[in-house]
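S.K.:
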Amino acid sequence: MRAILVLEDGTVFEGESLGAPGHACGEVVFNTGMTGYQEILTDPSYAGQIVTLTYPLVGNYGINADDFESCRVQVEGFIVREAADVPSNWRALQSLHQFLKERQVVGIKGVDTRALTRRLRVRGVMMGTISTEETPEQALARLRTLPGYEGIDFARRVTTEAPYRWVPGARAPIPVGEQEDVPRSPDVRFRVALIDCGVKYNILRNLAALGCETTVYPCTVSAAEILRDNPDGVMLSPGPGDPSQLGYVVDTVRRLVGHKPIMGVCLGNQIVGYAFGARTYKLKFGHRGSNHPVKDLETGRVYITSQNHGYAVDPDGLRDGMEVAHINLNDGTVEGLQHRELPIFTIQYHPEASPGPTDSRYFFSKFVQNMERARR
Amino acid sequence: MPRDTTIQKVLLIGSGPIVIGQAAEFDYAGAQACRALREEGISVVLINSNPATIMTDTEMADRVYIEPLNVEFAERVIARERPDGLLPTLGGQTGLNLATQLSDAGILEKYNVRLLGTPLSAIRQAEDREAFRELMRQIGEPVPESWIVTEEWQLEEPAGAGIWPLIVRPAYTLGGTGGGVAHNPDELYEIARKGLALSMRHQVMVERYLVGWKEIEYEVMRDANDTAITVCNMENLDPMGVHTGDSIVVAPSQTLSDKEYQMLRTASLKIIRALGIEGGCNVQLALDPHSFAYYVIEVNPRVSRSSALASKATGYPIARVSAKIATGLHLDEIENAVTRKTLACFEPALDYCVVKIPRWPFDKFVLADRRISTQMKATGEVMAIDRSFEAALMKAIRSLEVGVYGLSNKTVPQMSDIQLEEAIRVPNDERLWAIAEGFRRGMMLEEIHALSNIDPWFLRKLQHLVSLETRLKLNGKAIARMAARLLQDTRESATPATENTGTEHHLIARLLREAKQAGFSDRTIAEFAEVPELQIRALRKRLEIVPIYKMVDTCAAEFEAATPYYYSCYDREDE
Chain A
1 MRAILVLEDG TVFEGESLGA PGHACGEVVF NTGMTGYQEI LTDPSYAGQI
51 VTLTYPLVGN YGINADDFES CRVQVEGFIV REAADVPSNW RALQSLHQFL
101 KERQVVGIKG VDTRALTRRL RVRGVMMGTI STEETPEQAL ARLRTLPGYE
151 GIDFARRVTT EAPYRWVPGA RAPIPVGEQE DVPRSPDVRF RVALIDCGVK
201 YNILRNLAAL GCETTVYPCT VSAAEILRDN PDGVMLSPGP GDPSQLGYVV
251 DTVRRLVGHK PIMGVCLGNQ IVGYAFGART YKLKFGHRGS NHPVKDLETG
301 RVYITSQNHG YAVDPDGLRD GMEVAHINLN DGTVEGLQHR ELPIFTIQYH
351 PEASPGPTDS RYFFSKFVQN MERARR
Chain B
1001 MPRDTTIQKV LLIGSGPIVI GQAAEFDYAG AQACRALREE GISVVLINSN
1051 PATIMTDTEM ADRVYIEPLN VEFAERVIAR ERPDGLLPTL GGQTGLNLAT
1101 QLSDAGILEK YNVRLLGTPL SAIRQAEDRE AFRELMRQIG EPVPESWIVT
1151 EEWQLEEPAG AGIWPLIVRP AYTLGGTGGG VAHNPDELYE IARKGLALSM
1201 RHQVMVERYL VGWKEIEYEV MRDANDTAIT VCNMENLDPM GVHTGDSIVV
1251 APSQTLSDKE YQMLRTASLK IIRALGIEGG CNVQLALDPH SFAYYVIEVN
1301 PRVSRSSALA SKATGYPIAR VSAKIATGLH LDEIENAVTR KTLACFEPAL
1351 DYCVVKIPRW PFDKFVLADR RISTQMKATG EVMAIDRSFE AALMKAIRSL
1401 EVGVYGLSNK TVPQMSDIQL EEAIRVPNDE RLWAIAEGFR RGMMLEEIHA
1451 LSNIDPWFLR KLQHLVSLET RLKLNGKAIA RMAARLLQDT RESATPATEN
1501 TGTEHHLIAR LLREAKQAGF SDRTIAEFAE VPELQIRALR KRLEIVPIYK
1551 MVDTCAAEFE AATPYYYSCY DREDE
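Protein sequences, first through last, are from chains A and B.
Sequential numbering of the first sequence, starting at 1, is according to our numbering.
Sequential numbering of the second sequence, starting at 1001, is according to our numbering.
(1) Find out if the Cβ-Cβ distance for the pair Val29 (chain A), Val125 (chain A) is shorter than 8 Å.
(2) Hey, Phe78 (chain A) and Leu120 (chain A): beta-carbon distance below 8 Å or not?
(3) Mapping DSSP to helix, strand and coil, what is Asn202 (chain A)?
(4) If you run the structure through DSSP and keep just helix, strand and coil, what is His1505 (chain B)?
(5) Any idea what DSSP makes of Gln1262 (chain B), helix, strand or coil?
(6) Would Glu82 (chain A) pass as an interface residue toward chain B - the criterion being a Cβ-Cβ separation below 8 Å?
(7) Three-state secondary structure (DSSP) at Asn1282 (chain B)?
(8) Any idea if Lys1259 (chain B) is buried or exposed, counting beta-carbon neighbours within 10 angstroms, 16 or more meaning buried?
(9) Beta carbon of Val313 (chain A), beta carbon of Ala278 (chain A): below 8 Å?
(10) Taking a contact to mean a Cβ-Cβ separation below 8 Å, would you say Arg268 (chain A) touches Ser45 (chain A) in this structure?
(11) Look at Met1234 (chain B) and Ala1286 (chain B) and say whether their C-beta atoms are less than 8 Å apart.
(12) Should Tyr61 (chain A) go down as buried or exposed, given a rule of 16 or more other Cβ atoms within 10 Å for buried?
(13) Ala325 (chain A) and Gly336 (chain A): beta carbons closer than 8 Å?
(14) Mind reading off the beta-carbon distance from Gly1014 (chain B) to Thr1058 (chain B)? Whole number of angstroms is fine, and I expect it under 8 Å.
(15) For Met127 (chain A), which residues in the same chain have their Cβ closer than 8 Å to its Cβ, ignoring the five residues on either side in sequence?
(16) Starting from the C-beta of Ile1385 (chain B), find all residues in its chain whose C-beta is less than 7 Å away, skip the five residues before and the five after it, and write them out in chain order.
(17) Name, please, each residue of chain A whose Cβ falls closer than 7 Å to the Cβ of Ile1229 (chain B).
(18) Which residues in the same chain have their Cβ closer than 7 Å to the Cβ of Pro993 (chain B), if we skip the five residues on either side of it in sequence?
(19) Smallest Cα separation from Glu225 (chain A): which of A:Ser244, A:Gly198 and A:Ala193?
(20) Determine the contact status of Phe1073 (chain B) and Thr1339 (chain B), defining contact as a CB-CB distance below 8 Å.
(21) Indicate whether at least one CB of chain A lies closer than 8 Å to the CB of Glu1558 (chain B).
(22) Mapping the DSSP letters down to three states, classify Thr129 (chain A) as helix, strand or coil.
(23) Output, in sequence order along the chain, the residues in the segment 32-44 of chain A whose CB is closer than 7 Å to any CB in chain B.
(24) By alpha-carbon positions, which one of B:Trp1147, B:His1290 and B:Arg1542 ends up nearest to Pro1456 (chain B)?
(25) Under a three-way DSSP split, which group does Glu1134 (chain B) fall into?
(26) Among residues of its own chain, excluding the 5 on either side of Leu1096 (chain B), which ones have a beta-carbon nearer than 7 Å to its beta-carbon?
(27) Of all the residues that make up the segment 1378-1389 of chain B, which are near chain A by a beta-carbon distance shorter than 8 Å?
(28) Considering only heavy atoms of the ligand MN, does any lie closer than 7 Å to the CB of Val125 (chain A)?
(29) So that I know if they touch, is there some Cβ in chain B lying closer than 8 Å to that of Arg121 (chain A)?
(30) List, from N- to C-terminal side, the beta strand (DSSP E) runs of 3 residues or more that fit wholly inside the segment 1223-1267 of chain B.
(31) I think Leu18 (chain A) touches Ile152 (chain A), with their Cβ atoms under 8 Å apart; what is that distance to the nearest whole Å?
(32) Comparing C-alpha positions only, which one of B:Leu1465, B:Ser1373 and B:Lys1324 sits nearest to Thr1118 (chain B)?
(33) Can you grab the Cα-Cα spacing for the pair Ile203 (chain A) / Gly264 (chain A), in whole Å?
(34) Find out if the Cβ-Cβ distance for the pair Leu1086 (chain B), Leu1115 (chain B) is shorter than 8 Å.
(35) Check whether the Cβ of Trp166 (chain A) lies closer than 8 Å to any Cβ atom in chain B.
(36) Should Ala1308 (chain B) and Ala1029 (chain B) be called a contact, given that it needs their Cβ atoms to be closer than 8 Å?
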């Protein structure tokens, strides 16, 4: 079946339908990672976005049962050059096309994704729509009636409805109401409260591997509620959208500062930035991929990181002891913050990887050490 | 750290004569290194016994000595030139060996010459089988289990280890006679007894049998500050059992999920750090196609044949960056020479597929054994880039210059079914064409996979090419008709007049575009249509099916490139 991709600026790409028929609309962004499409499709930080991969051969290893980063597909749409009809990998359960179709996700294949990427690089990210039914003119007309990406509180759309727990040894979340049935694992060394603006399961898996039991709260949770449950530390999750929409989470964080060790990832970095006086701005085409070099300003060591963010912290307003600790080598933007005295640190990239390099996993150990110290 | 300014003059050892496994790629590496060092204001002295190289051109180095690559002559050069440093890791095994000999003979110490880049101790640890296995055990990286057996009772250990299958290799027998694969203790005892009897030294090596496992390579770099990155990973189409120099190789890997890719990447970086290499290094791993199990097979602690391939495949100049690292620079102090905006400290993102095919000299040595295995026989290789695997493969085949323009050659169709199965089962230089012929004769993909152990993903691509070939043959007459009609009168519009010819026109135009995107040459299509090649060329030009050019820019278009190179393809946007 024929499909088209139409961008806000009127550019039209022709291709074939992938996944479900119909139409999809969102901010069109590109990711340069060469592997990890299953993780990308299910990463809540892509809510409201249509993702294109710059690597042309997608779906080679199919979709498996383990590499989900949330319980559903989060992207609005998916754009590839070529999709493998039959996957080849020992864990593969179904093909990319079957999976997208089953989950009602509209995609398009056969697109010159390099041409698309170059357009986004030059003009910046923009809204776009995939359609299997309309003419380009109809699709563009429809696109123009829809709201843009900015100004929407996406965190509230992707956050958990009710709190749940993730315990060491578990493979899936346990609703909090049922916690009485679950024997407390002897492996639990720390209890973490996570404010969910769009968490990836691999953050919970990494915490569990270090003996942390994590309670995941909706992003609207109050500081009082968290302090009442008295966790050892607070984790701020990644998530989609414009951080300036999340004043209520910033407030919660302000009230937690000084009480608990805090670690923030991605959107969590931006929220902590706001809590310490900074603001954020939108990047032209964001950082999305598995190859971004980040410099640790303290050691001078460079790490290759997994990234997915469209906004960056402007360090100018930072106050109350918060400092820039990591910068991006390509464009010098802020990639991490560290408090001079308090056990609070944040990173703009993804220590949980999935997809991408696992070089930065040590941040979870650092968080655990902070919790250990705070206990004494 | 900024560059070490105590280094003013550096001696570079070339790779000497061209031999199998060590050819023009080291000239390429040496020439890159000369430029990289001179950019830093370092005076370069080069010694090489092979004058037929680019690096010995007078403008490459400051001083060039065409002398035998041995200790005696190298000492004379050192005595005369008094260099501050010696860079040993860019001249292949020859350069490395000479540097080791110079160090052992105390000559470097005598003339106060520092070894730059990777320390010799690290090189020894990587190249000595036992020292390497010991290091891998220390850092918890798996190496294939192996036992040396001289007495029958020693078989108890491998027999009880629960590792099957095992391969038994008798020591010092001609062509490995008396060896075999054991799937249980009974077979192990039976084969090993025979092997012990046949071995001159009464010795057999018992090792985990990895044939059929995926062979994956990582090209990694590390600087003195312990920052380490991956330049590229590569997957061998031929599974374990064929030397990587004799394998068809694709970059990046195609059948690995992110979990597998990262698992092996992490292992490779752990190894380069444990060895303490400063510069580039190649890590070869075997991955079980049915689990996350893997083994570290081998490490090349220097710029190698694979690094030259990885450099061209990604645009990342490994030899150049290795030379810069040897002068004390850190990865984040070296410019990415392609983008000129970003730094050498990143991992290239490819937005194309790269295929390498070895070039064997069997056209010159007609009586040679064409079977390939663990000892490299290829004397060269070709590399092709395109947006799809199919097209990259077809381009590479044409680049071999063996008179073959696609997936048919002259010999394979002559084979009986039994001969064909054998040519698919036992790796040899014609296996690719034998597989295509197998599909033509109606063999099932599963059957070919069972015979060859080649991953079904690659086989499916070959099957796709054969099915396209069939469609082209079936439509050969229609293609010829259309060529005749459109080319008869150049003034006639390319849009057809009647509805009937209209449908045919669109179908053929689509088929031709599909065939060109999959890499079929005009020549092959012309054979199927039984028209001259030039007619096909003219026809597709009328249909506006023409190649466009895309960049190799190291970053998948994320940044603007200042000095990229280009490849042709039949995608949409021309850069």
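Backbone N, C-alpha and C fix where the C-beta goes; we use that ideal spot for every residue, glycine too.
Please read these numbers as outputs of a predicted model, since none were measured by experiment.
M.R.: According to the structure data:
(1) yes
(2) no
(3) helix
(4) helix
(5) helix
(6) yes
(7) strand
(8) buried
(9) yes
(10) The sequence as given places Gly at residue 268 (chain A); Arg does not occur at that position. Their beta carbons are not under 8 Å apart, which means Gly268 (chain A) does not touch Ser45 (chain A) by this criterion.
(11) no
(12) buried
(13) yes
(14) Wrong, their Cβ atoms sit about 14 Å apart, outside the cutoff.
(15) Leu7, Glu8, Cys25, Gly26, Glu27, Val28, Leu143, Leu146, Gly148 and Tyr149
(16) Tyr1352, Val1354, Ala1392, Val1552 and Tyr1567
(17) Ile304
(18) An answer regarding residue 993 (chain B) cannot be provided, because it is not within the stretch 1001 to 1575 covered by chain B.
(19) A:Ala193
(20) no
(21) yes
(22) strand
(23) Thr32, Met34, Thr35, Gly36 and Glu39
(24) B:His1290
(25) helix
(26) Pro1088, Thr1089, Ile1123 and Arg1302
(27) Arg1387, Ser1388 and Phe1389
(28) The ligand MN is not part of this structure, which contains no ligands at all.
(29) yes
(30) 1228-1236 and 1249-1251
(31) Wrong, their Cβ atoms sit about 26 Å apart, outside the cutoff.
(32) B:Lys1324
(33) 11 Å
(34) yes
(35) no
(36) yes
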